[in-house]
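Right, one structure below, let's go through it.
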Amino acid sequence: MTIFNTGKCAVFGLGALLASTAVVQAQTAEEFYTGKTVTMVVAAAPGGFADTIARTFVTKFAQHFPGKPEFIVVNKPGAGGIVAAAQLQNTEAKDGTTIGFLLGNVLTTPLVTGQTAQFDPHNVQWIGSIRNGDYPYALYAKTDSDIQSAQDLFDKTLVVGSTSFTNYNRVFPALMNEYIGTQMDIVAGYQGSGEVYLALERDEVSGWMEGSHAILNKTNKAGQMIDEGTLKPIMLMAKETDERWPDLPILEDYITDENQRAVANFLMTSSASGRPIAVPAEVPAERVEAIRAAFDETFADPEFVPYMQEMLSTPVVLSLSDDDLNGMINDFYAASEETLEKVRGFMVD
Numbered sequence: 002m003t004i005f006n007t008g009k010c011a012v013f014g015l016g017a018l019l020a021s022t023a024v025v026q027a028q029t030a031e032e033f034y035t036g037k038t039v040t041m042v043v044a045a046a047p048g049g050f051a052d053t054i055a056r057t058f059v060t061k062f063a064q065h066f067p068g069k070p071e072f073i074v075v076n077k078p079g080a081g082g083i084v085a086a087a088q089l090q091n092t093e094a095k096d097g098t099t100i101g102f103l104l105g106n107v108l109t110t111p112l113v114t115g116q117t118a119q120f121d122p123h124n125v126q127w128i129g130s131i132r133n134g135d136y137p138y139a140l141y142a143k144t145d146s147d148i149q150s151a152q153d154l155f156d157k158t159l160v161v162g163s164t165s166f167t168n169y170n171r172v173f174p175a176l177m178n179e180y181i182g183t184q185m186d187i188v189a190g191y192q193g194s195g196e197v198y199l200a201l202e203r204d205e206v207s208g209w210m211e212g213s214h215a216i217l218n219k220t221n222k223a224g225q226m227i228d229e230g231t232l233k234p235i236m237l238m239a240k241e242t243d244e245r246w247p248d249l250p251i252l253e254d255y256i257t258d259e260n261q262r263a264v265a266n267f268l269m270t271s272s273a274s275g276r277p278i279a280v281p282a283e284v285p286a287e288r289v290e291a292i293r294a295a296f297d298e299t300f301a302d303p304e305f306v307p308y309m310q311e312m313l314s315t316p317v318v319l320s321l322s323d324d325d326l327n328g329m330i331n332d333f334y335a336a337s338e339e340t341l342e343k344v345r346g347f348m349v350d
């Protein structure tokens with residue numbers, strides 16, 4: 002770009018710039034996205050369930066997206082999803098060509114850790130979230146381990162694999178150890194669920210905290226291991242008995258202290274936020290509304306839910322709206338400081 006020093010040329014250059022900006026702003030979302038490439042950033046490692054959901058979703062989402070751009074999927078795991086969320090907020094393209102497919106714990110981790118400068122859920126624009134039904138986390142144990150029932154957790158050791166410190170697959174076992182007296186040995190640091198499954202097969206670990214969808218999902222590695230008889234569910238991280246598995250004990254049954262119950266409920270609620278989708282705060286409003294409309298149209302497509310059910314081997318696929326997500330965030334941020342301080346004890350390293 003040439004910079005002119007004379008006043009006349011500077012005025013002319015400014016006028017041209019303003020005219021160019023007006024043209025860009027006048028573009029519809031359809032016009033803007035035509036011929037573009039949109040990057041879906043997945044906050045999880047390749048091959049895990051979150052990655053599978055994202056890639057399955059994108060195949061249908063792209064069909065309803067304005068301008069029919071090309072989609073590419075990029076995995077950016079790390080720090081329980083915060084790496085991808087922080088990059089989305091701070092460094093990714095701000096024009097709507099980058100969309101974040103995030104993990105549910107990013108709604109609460111900044112609040113709990115106090116690291117809102119890195120990522121703040123108020124500082125992105127939410128599109129919606131995908132929930133594969135109401136499937137609370139469940140603790141699983143290998144069938145050849147010493148843990149054959151929930152009662153065994155209190156006097157025998159289960160070595161549990163986990164990914165990051167803030168991920169629920171580590172947080173819930175830590176909470177169980179402290180609040181109800183289980184004897185789990187937590188091995189953190191695996192790069193995604195795929196590595197944990199390998200560790201299970203190699204007998205490096207004997208337990209794993211995963212969504213209870215795995216009990217039904219035969220495309221998920223945990224589901225395959227359950228089907229093979231090498232893995233079994235031990236306890237649900239739930240407030241109420243699940244009618245699908247009435248004999249499976251729930252965490253609520255073992256917590257008697259009300260303050261501890263408030264902490265457990267905070268974590269169990271935040272784990273139900275699904276896989277939220279967001280774009281940076283700077284994306285123009287018209288494009289955001291167009292992306293939200295594409296999300297809604299995808300779920301309204303009569304082929305979409307059956308497709309997701311088949312591909313994910315799950316009987317239920319639900320959506321949360323941007324309003325739902327913002328409401329959840331407001332509720333989390335309204336929690337008492339006492340509850341938050343105790344939650345921090347489990348989530349802050």
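Numbering (my numbering), first residue to last: 2 to 350. Quick reminder that beta carbons are idealized off the backbone N, C-alpha and C, glycines included.
- According to DSSP, Thr167 shares a beta bridge with no other residue.
- Leu249 and Asn221 have their C-alpha atoms spaced approximately 20 Å apart.
- Per DSSP, Lys143 is not a residue of any alpha helix (DSSP H); the beta strand (DSSP E) it occupies stretches across Tyr138 to Lys143.
- Secondary-structure assignment with DSSP links Ile100 through a beta bridge to Met41.
- With 16 or more neighbouring CB atoms inside 10 Å of its own CB, Asp52 falls in the buried class.
- The beta carbon of Thr144 sits closer than 8 Å to the beta carbons of Gly230, Thr231, Leu232 and Lys233 from its chain, once the five residues preceding and following it are set aside; these are given in chain order.
- When the five nearest sequence neighbours on each side are left out, the beta carbons in the same chain lying within less than 6 Å of the beta carbon of Ser146 are those of Ser207, in order along the chain.
- Comparing alpha-carbon positions, the option among Pro307, Leu313, Ser320 and Thr315 lying closest to Ala294 turns out to be Ser320.
- Note: Lys233 is bridge-paired with Ala142 in the DSSP secondary-structure output.
- Around Ala200, the same chain offers Gly162 and Val206 as residues with beta carbons nearer than 6 Å, after the five sequence neighbours per side are excluded.
- Per DSSP, the beta bridge partners of Arg276 are Ile131.
- Look at Gly68 here: in three-state DSSP terms it is coil, with no helix or strand label.
- Taken through DSSP and simplified to helix, strand or coil, Val349 comes out as coil.
- Counting C-beta atoms within 10 angstroms of its own C-beta, His214 has 16 or more neighbours from the protein chains shown and is therefore classed as buried.
- Distances from the CA of Ile54 to each of Leu176, Val318 and Glu71 were compared; the closest alpha carbon is that of Val318.
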